[in-house]
Amino acid sequence: MSTADMTAPAAHATVEAAVRAQMSKALGGRRGIVEAAVPTIAFTGTWVGTSQLKTSLIVGIASAVVLLLVRLAQRTTPQFVLNSLVGIGIGAFFATRTGDAKDVFLPGILYNGAYAAGMLLSIVVRWPVVGFLIGSVTGDPTAWHNDSALVRLCSRLTWLLMLPCLLRVVIQLPLYWADQVTALGVAKIALGWPLQVAALAAMVWVLARGRTPIEPGLQTPTQTPTQPPAQPSV
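Heads up: the sequence shown begins at 4 in the numbering used here, then just goes up one per residue.
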């Protein structure tokens, strides 16, 4: 499926198909997922071999810069490489301030904790964050909330999206407290894209079971608010 197909409003006949396309786009495809993991692999591998914080940070950041240059040379979107570069850059800032290699992983732990808390809150108040993916499809960010079936679907999907973040915190935080730098690196890699792919697969399975039609008429101001949303990432 081309990028144009994923973003065109008429490209999807059901809400499930539209959300699948949006999540795939948001993940950046296989290449984006790999690019997100490379700097951590480079940092952790260098740390295991040298136990030198500065050297490990240089190698990790350099790997992200190389990926960025490749993207620029190919004239493809550098979004996911930039995300990775910013992530390791923030981790490097934390670690150089304290002189402790484990602090490279602290921003990620805090981020995942905040993200999980935010998604849980969105479910509790019945405005699940996945619903806003549907809003990006329809052009109306809140119309989906008028359909109780869509709210329930989006709540289930948000639970699945939240679980990897929660699992990362539950596993990595004790390792952080125990000063297990190598284990933190391995855990971050193992709980990164493999876990995200597993969560995406579970979401696709849930979506494959339903066929909620997309109604283009929802985009018009005169449409009744109880109809399902009209029709579009990682």
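C-beta atoms are modelled at their ideal positions from N, C-alpha and C, and glycine is treated no differently.
{"Query": "Run of the alpha helix (DSSP H) containing proline 110, from where it starts to where it stops", "Result": "109-127"}
{"Query": "Same chain only: Cβ atoms within 6 angstroms of alanine 186, ignoring 5 sequence neighbours per side", "Result": "Leu178"}
{"Query": "Environment of leucine 124 [buried if 16+ CB atoms lie within 10 Å]", "Result": "exposed"}
{"Query": "Proline 228 to isoleucine 44 span [Cα, whole Å]", "Result": "Confidence is the limiting factor: at proline 228 the pLDDT is only 32, short of 50, which leaves the residue's position unreliable, though a coordinate-based value still follows. Approximately 49 angstroms, taken between the alpha carbons."}
{"Query": "Valine 184 vs lysine 105 beta-carbon contact at 8 angstroms", "Result": "yes"}
{"Query": "Close beta carbons around valine 107, own chain, < 6 angstroms, minus the five adjacent residues each side", "Result": "Gly94 and Ala98"}
{"Query": "Anticipated Cβ contact below 8 angstroms, arginine 2 with leucine 194, distance rounded", "Result": "Any question about residue 2 goes unanswered here, given that the chain covers just 4 to 237."}
{"Query": "For valine 154, the nearest candidate out of Leu136, Trp162, Trp130 and Met165 (CA to CA)", "Result": "Trp130"}
{"Query": "Presumed contact (8 angstroms Cβ cut-off) between isoleucine 64 and glycine 102, rounded CB distance", "Result": "About 17 angstroms; that fails the 8 angstroms criterion."}
{"Query": "Beta-carbon contacts of alanine 205 that lie in its chain and below 6 angstroms, excluding the five residues immediately before and after", "Result": "Leu163"}
{"Query": "Rounded separation between glycine 220 and leucine 88 - CA only", "Result": "For glycine 220, the pLDDT reaches just 39, beneath the cut-off of 50, and the residue's location in the model is therefore unreliable, although a value from the coordinates is still provided. Roughly 42 angstroms between the two C-alpha positions."}
{"Query": "For leucine 194, the three-state DSSP class (helix, strand or coil)", "Result": "coil"}
{"Query": "Cβ-Cβ distance between threonine 161 and valine 200 below 8 angstroms", "Result": "no"}
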